[in-house]
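For my numbering, add 123 to where a residue sits in the sequence shown, where the first one is 1. A quick write-up on the structure given underneath.
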Amino acid sequence: MPLQEGIDGGYYPGDGNGYHPTELALTVNKEQELGSSFSGRPWVDYTMEVYLMDYGLSGGGGLGIVKGDTAIDAKRLGRNFTIFSLFYPFRMTQRLDQAFYQQDLPSETVNPRSLAYQRLLRYQWLLDTTIKANGDEIKLGVYKVPDLSIYLLHESGLQYQYPGENHIDHRLYQDAVLGFGGFKARQALGLNPAVVQIDEAPTALVPLAEMDYLCKQGMSLREAKEQVRSKTLFTNHTLVNAAEASFTRDQLENYVIKNLETDDVKEWLQDLIRNHGGRLNLSTLAIELSGVRNGVSKVHAQFASQMFKEEDGSPVEFHQVTNGISERWVQPELLRFFKDMGIFKEDFSLEDGYEKKVDILDPITMRQLKDQAKTDLREYLTARIDQCNQPVVIPEGAKIACWTKRIAGYKRPEMLYEDPQRLVEILEAKNIHIILSGKAHPTDQPMKEQLQRILQLVDSNPVLKERVHFIQNYDEELAKYLVAGIDIGFNTPRVKDDDGHRINTEADGTFWKKLMANLAILISTRDGGVADFDQLPCFEVTGDDYQQEVASLYSCLEVAADEIGDLTKWQERVKNQLRTYAPTISGPRMIREYDELMESERRAREFAKELVRITP
Numbered sequence: 124m125p126l127q128e129g130i131d132g133g134y135y136p137g138d139g140n141g142y143h144p145t146e147l148a149l150t151v152n153k154e155q156e157l158g159s160s161f162s163g164r165p166w167v168d169y170t171m172e173v174y175l176m177d178y179g180l181s182g183g184g185g186l187g188i189v190k191g192d193t194a195i196d197a198k199r200l201g202r203n204f205t206i207f208s209l210f211y212p213f214r215m216t217q218r219l220d221q222a223f224y225q226q227d228l229p230s231e232t233v234n235p236r237s238l239a240y241q242r243l244l245r246y247q248w249l250l251d252t253t254i255k256a257n258g259d260e261i262k263l264g265v266y267k268v269p270d271l272s273i274y275l276l277h278e279s280g281l282q283y284q285y286p287g288e289n290h291i292d293h294r295l296y297q298d299a300v301l302g303f304g305g306f307k308a309r310q311a312l313g314l315n316p317a318v319v320q321i322d323e324a325p326t327a328l329v330p331l332a333e334m335d336y337l338c339k340q341g342m343s344l345r346e347a348k349e350q351v352r353s354k355t356l357f358t359n360h361t362l363v364n365a366a367e368a369s370f371t372r373d374q375l376e377n378y379v380i381k382n383l384e385t386d387d388v389k390e391w392l393q394d395l396i397r398n399h400g401g402r403l404n405l406s407t408l409a410i411e412l413s414g415v416r417n418g419v420s421k422v423h424a425q426f427a428s429q430m431f432k433e434e435d436g437s438p439v440e441f442h443q444v445t446n447g448i449s450e451r452w453v454q455p456e457l458l459r460f461f462k463d464m465g466i467f468k469e470d471f472s473l474e475d476g477y478e479k480k481v482d483i484l485d486p487i488t489m490r491q492l493k494d495q496a497k498t499d500l501r502e503y504l505t506a507r508i509d510q511c512n513q514p515v516v517i518p519e520g521a522k523i524a525c526w527t528k529r530i531a532g533y534k535r536p537e538m539l540y541e542d543p544q545r546l547v548e549i550l551e552a553k554n555i556h557i558i559l560s561g562k563a564h565p566t567d568q569p570m571k572e573q574l575q576r577i578l579q580l581v582d583s584n585p586v587l588k589e590r591v592h593f594i595q596n597y598d599e600e601l602a603k604y605l606v607a608g609i610d611i612g613f614n615t616p617r618v619k620d621d622d623g624h625r626i627n628t629e630a631d632g633t634f635w636k637k638l639m640a641n642l643a644i645l646i647s648t649r650d651g652g653v654a655d656f657d658q659l660p661c662f663e664v665t666g667d668d669y670q671q672e673v674a675s676l677y678s679c680l681e682v683a684a685d686e687i688g689d690l691t692k693w694q695e696r697v698k699n700q701l702r703t704y705a706p707t708i709s710g711p712r713m714i715r716e717y718d719e720l721m722e723s724e725r726r727a728r729e730f731a732k733e734l735v736r737i738t739p
């Protein structure tokens with residue numbers, strides 16, 4: 124197919140609703156070998172977020188971090204792995220006002236070229252690549268992230284990531300840009316993936332676009348749906364109700380149905396909407412158009428299997444593939460120590476017999492490496508500002524505990540502050556400083572108020588004000604210093620409902636894995652990936668009700684602080700954590716398990732077809 128020079132597109136101001144097109148070319152680089160991987164064909168991943176600060180990519184949470192890690196690990200492993208996502212032109216900065224209320228301030232508007240993204244050549248036949256939205260035709264640009272197989276769709280009206288409530292028009296518009304625009308981009312780039320992974324329900328428009336394309340090529344609806352399902356993997360990353368978007372018939376007509384070209388698919392989707400009372404959850408579409416589904420931890424997969432159903436009411440199986448992390452989160456000197464001792468291979472996969480090698484790690488060397496990371500953290504924090512807009516200063520010799528996550532209700536950031544006097548006694552007796560950091564979603568008024576209450580409580584108590592530091596505008600750079608340097612990490616997701624029944628709120632959580640990989644002690648409830656094992660090597664927060672959990676949390680903190688001061692107990696604890704969770708920590712392990720899952724499903728389909736063929 125002939126190549127021609129790409130058009131240097133301009134950036135035109137929108138009317139505030141994101142529907143004025145920008146003249147950006149959809150392009151491809153003939154020098155770039157796209158992907159490599161699953162049975163020699165690409166594995167293509169669609170996600171609404173990728174977080175890689177070094178590449179100018181900001182993310183909304185853990186999903187973005189996981190996808191960034193996966194892109195890095197896949198490249199290191201030589202896998203043919205390609206990500207499609209969106210480039211958001213607006214970024215938000217967190218600042219606290221004088222009353223400790225979170226302000227979400229727009230930072231400068233950015234575009235791909237301002238961050239040195241690679242400009243690609245364009246296939247001639249893609250001059251008119253568009254999607255339809257609210258009566259307008261939108262031209263999209265596609266940019267490649269340098270050094271990685273990440274492709275970003277962009278137009279200047281995309282606004283920022285996850286704007287407003289999850290059911291608003293602009294959310295569905297962003298979903299349509301990635302769904303229909305992302306499918307067209309994949310076609311233009313010549314990718315014929317063996318696997319299409321859709322992360323979370325908003326990406327369900329990708330297989331819908333492909334099914335429509337196959338029907339346009341002459342397939343029947345049944346054949347097209349079967350082919351799409353055979354290679355589509357739906358990965359759910361959260362079961363929290365707030366993450367579930369539901370859209371009306373009119374919204375779906377404006378942003379989805381108008382992008383469909385075949386009557387069969389339009390009628391199929393309209394029937395689906397009608398069967399659900401005139402509204403449609405995108406998770407319903409994701410289930411319908413995926414042949415394989417997975418959760419990102421053992422307990423998460425179990426609860427997802429109970430929660431979702433096929434359209435005919437039959438059960439849906441969610442397989443377990445627990446998230447891993449990239450080695451970039453491990454302090455470099457400590458990582459080198461682990462590799463030299465035969466725990467991790469050079470690609471961060473596990474060495475055979477790693478358990479025994481963990482047992483013989485030298486505790487003095489471990490402590491020295493931890494102390495150096497802690498010194499680096501203390502120095503770095505002096506350049507960050509706390510809740511009072513002052514540099515963060517933690518005295519030498521103090522133990523550092525940390526709660527840093529997205530400020531969300533189910534994560535329970537307030538738990539540590541339920542008994543202020545008890546907390547004061549522990550912090551003073553054990554010489555502990557606490558770091559708190561994270562952002563509430565701009566529209567999450569209750570959690571903004573919860574954060575404000577916590578910080579007002581801290582401000583009202585001289586000891587807490589001295590020893591509890593909220594670091595504003597949490598980002599990846601801060602996270603790297605924290606996971607390397609802190610002594611104790613908290614992970615407190617809710618694990619019971621109001622009636623005391625077991626629930627799953629934290630799908631996996633990867634921050635705690637980074638802590639363990641960096642020899643910090645974990646204090647956690649039994650949820651997400653922490654619950655992958657029956658016997659927890661960390662401190663477990665337990666209790667029949669919330670107050671008992673709070674008391675358990677304080678007791679765990681006291682004992683953990685004592686262990687840090689005892690080299691023998693400390694090294695036993697962190698070694699046991701590492702020995703148990705090293706397989707879970709490894710990002711290459713996760714990639715391998717995804718490969719194995721999809722290969723197993725492929726063989727099962729081939730066996731079923733052969734069985735039908737030979738059965739009289």
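Glycine included, C-beta positions come from ideal geometry on N, C-alpha and C.
Each of F426, N377 and F306 was checked against the Cα of T361, and the nearest Cα belongs to F426. Taking C-beta atoms as the reference points, D631 and G612 fail to come closer than 8 Å. Checking the DSSP bridge columns, you'll see G418 partnered with Q443. A check of alpha carbon separations from Q658 across Q700, F634 and N627 identifies Q700 as the nearest. For H277, the enclosing beta strand (DSSP E) has its first and last residue at I273 to H277. DSSP places K562 in no alpha helix (DSSP H); its state is neither H nor E. For T707, the uninterrupted alpha helix (DSSP H) segment begins and ends at L690 to I708. Y597 carries a coil assignment under DSSP once its states are collapsed to helix, strand and coil. In this structure, L645 sits near C661, with a CB-CB distance shorter than 8 Å. Assigned with DSSP and collapsed to three states, F207 falls in strand.
The DSSP assignment places 292 to 299 and 305 to 311 as complete runs of the alpha helix (DSSP H) inside the segment 252 to 321, in order along the chain (cut-off: 4 residues). Across the structure, T407 and N315 are spaced so that their CA atoms are roughly 25 Å apart.
Boundaries of the alpha helix (DSSP H) harbouring D394: D386 to N398, taken from the DSSP string. Residue state for A524 is assigned as strand, using DSSP reduced to three classes. Going by DSSP, F370 is part of the beta strand (DSSP E) stretching over S369 to T371. Exclusion of the five residues before and after A299 leaves I254, A256, L328, Y378, V379 and N382 as the residues of its chain whose Cβ lies within less than 7 Å of its Cβ. Under the three-state reduction of DSSP, R218 is assigned to strand. The beta carbon of G184 is closer than 6 Å to those of R529 in its chain, skipping five residues each way along the sequence. Taking the Cα positions, G666 is about 43 Å away from L301. Considering only L276, K553, V351 and L412, the residue with the shortest C-alpha distance to D610 is K553. For S723, the three-state secondary structure derived from DSSP is helix. In the assembly as shown, D168 is a buried residue. Its beta-carbon has 16 or more other beta-carbons within 10 Å. Contact check for V673 and D582: beta-carbon distance about 21 Å, past the 8 Å limit, so the pair fails to qualify. When the beta-carbon positions are compared, V439 and K432 come within less than 8 Å of each other. Here DSSP, grouped into helix, strand and coil, assigns P229 to strand.
Going by DSSP, W166 is part of no alpha helix (DSSP H) but of the beta strand (DSSP E) stretching over W166 to Y169. The Cβ neighbour count for V591, taken over all protein chains shown within 10 Å, is at least 16; the residue is labelled buried. In the DSSP assignment, T355 forms a beta bridge with V319. By the Cβ neighbour-count rule, H293 is buried, with 16 or more other Cβ atoms within 10 Å of its own. Within the same chain, and ignoring the five residues on either side of K571 in sequence, the residues whose Cβ sits closer than 7 Å to its Cβ are Y224, Q225 and A563. Of all alpha-carbon atoms in E450, L331 and K262, the one lying nearest the alpha-carbon of R199 is that of E450. In this structure, the alpha-carbon of H290 lies about 28 Å from that of R576. In the pairwise beta carbon analysis, the segment 264 to 275 is classified as touching the segment 201 to 217: at least three pairs are separated by under 8 Å.
DSSP places G185 inside the alpha helix (DSSP H), whose first and last residues are G185 to L200. Going by C-alpha positions, G608 is about 20 Å away from E551.
DSSP places I448 in the strand class (E or B) of the three-state scheme.
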